[in-house]
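Report on one structure; see the data block that follows.
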Amino acid sequence: MHYSLTPWWVKVVVVWAVSRVITTGLLLFFASRQELSPWSGAHPSYLAFAQYWDSTWYHIVAVSGYPATLPLTADGQVAENAWAFMPAYPMLVRFFMLVTTLPWEPISVAVSLAFSAFSALMIYRLFLLRLPSETALSAVVLWCDAPLWPILQVSYAESMHAFFLALALYLLLERRYAVLFPVVAIMSVTRPSGLA
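Quick note: the sequence shown uses the working numbering, first residue 21, plus one each step.
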């Protein structure tokens with residue numbers, strides 16, 4: 021197929037897929053050098069490595085919900101707990117866990133990957149409102165390959181929030197306010213930045 025005849029979404033998905041190959045390689049490289057940690061043994065698999073750090077809290081929200089009372093430290097301060105993590109992402113993962121009967125690890129990564137693809141598509145549409153198509157595609161390349169974007173394929177809410185943020189900006193520029201407000205509501209329960 022000639023490049024100029026290729027649908028816009030195919031170009032964006034190819035850019036996204038190539039970037040995910042690169043970022044998966046980076047994650048696997050770092051996982052192969054990972055020593056024993058609180059989250060896994062040394063040299064964890066990709067799925068185990070994708071569960072590090074805050075993913076644990078999202079997992080707790082998905083399977084147990086939020087604590088009824090705030091846990092306190094010995095000196096009376098509020099201890100680390102699941103209340104710092106918004107519910108939209110873990111509840112969506114929980115829904116797919118129930119539907120598929122698969123565990124948290126593969127479903128949470130699949131949801132993050134799907135939202136990273138959706139966000140790349142939405143970012144292209146957003147930039148296309150003000151830029152020529154090739155420039156919009158170049159912006160997607162830069163966005164997909166940003167140094168911190170391996171996080172878009174681990175068990176975090178960032179890719180879901182990125183999608184809804186791009187969608188909200190698109191709707192704002194298109195002046196589609198009736199649809200914008202529910203999107204902002206979803207954003208606000210996806211990442212704390214959605215509340216700001």
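Positions of the beta carbon are idealized from the N, C-alpha and C atoms, including for glycine.
Fair warning: this is a prediction, and the values are worked out from it, not measured in the lab.
For residue 125, the enclosing alpha helix (DSSP H) covers residues 124-148. Put simply, the backbone Cα of residue 205 is about 18 angstroms away from that of residue 193. Judged by DSSP secondary structure, residue 96 falls outside any alpha helix (DSSP H); it is assigned neither H nor E. When the beta-carbon positions are compared, residue 132 and residue 179 come within less than 9 angstroms of each other.
Excluding the 5 residues flanking it on each side, residue 33 has same chain C-beta neighbours closer than 8 angstroms at 137, 140, 141, in chain order. Spanning the alpha carbons of residue 191 and residue 199 requires a straight line of approximately 7 angstroms. Put simply, of 187, 181, 195, 42 the residue whose alpha carbon is nearest the alpha carbon of residue 208 is 181. The continuous stretches of alpha helix (DSSP H) do not include residue 171, and DSSP gives it neither H nor E. Going by DSSP, residue 189 is part of the alpha helix (DSSP H) stretching over 178-193.
From the listed residues 44, 83, 169, the smallest Cα separation to residue 66 is found for 44. Residue 35 is positioned such that its CB atom lies closer than 9 angstroms to that of residue 157. Contact between the stretch 48-56 and the stretch 78-88 is not established, with fewer than three Cβ pairs separated by less than 8 angstroms.
For residue 111, the enclosing alpha helix (DSSP H) begins and ends at 108-120.
In this structure, the straight-line span from the alpha carbon of residue 212 to that of residue 171 is close to 16 angstroms.
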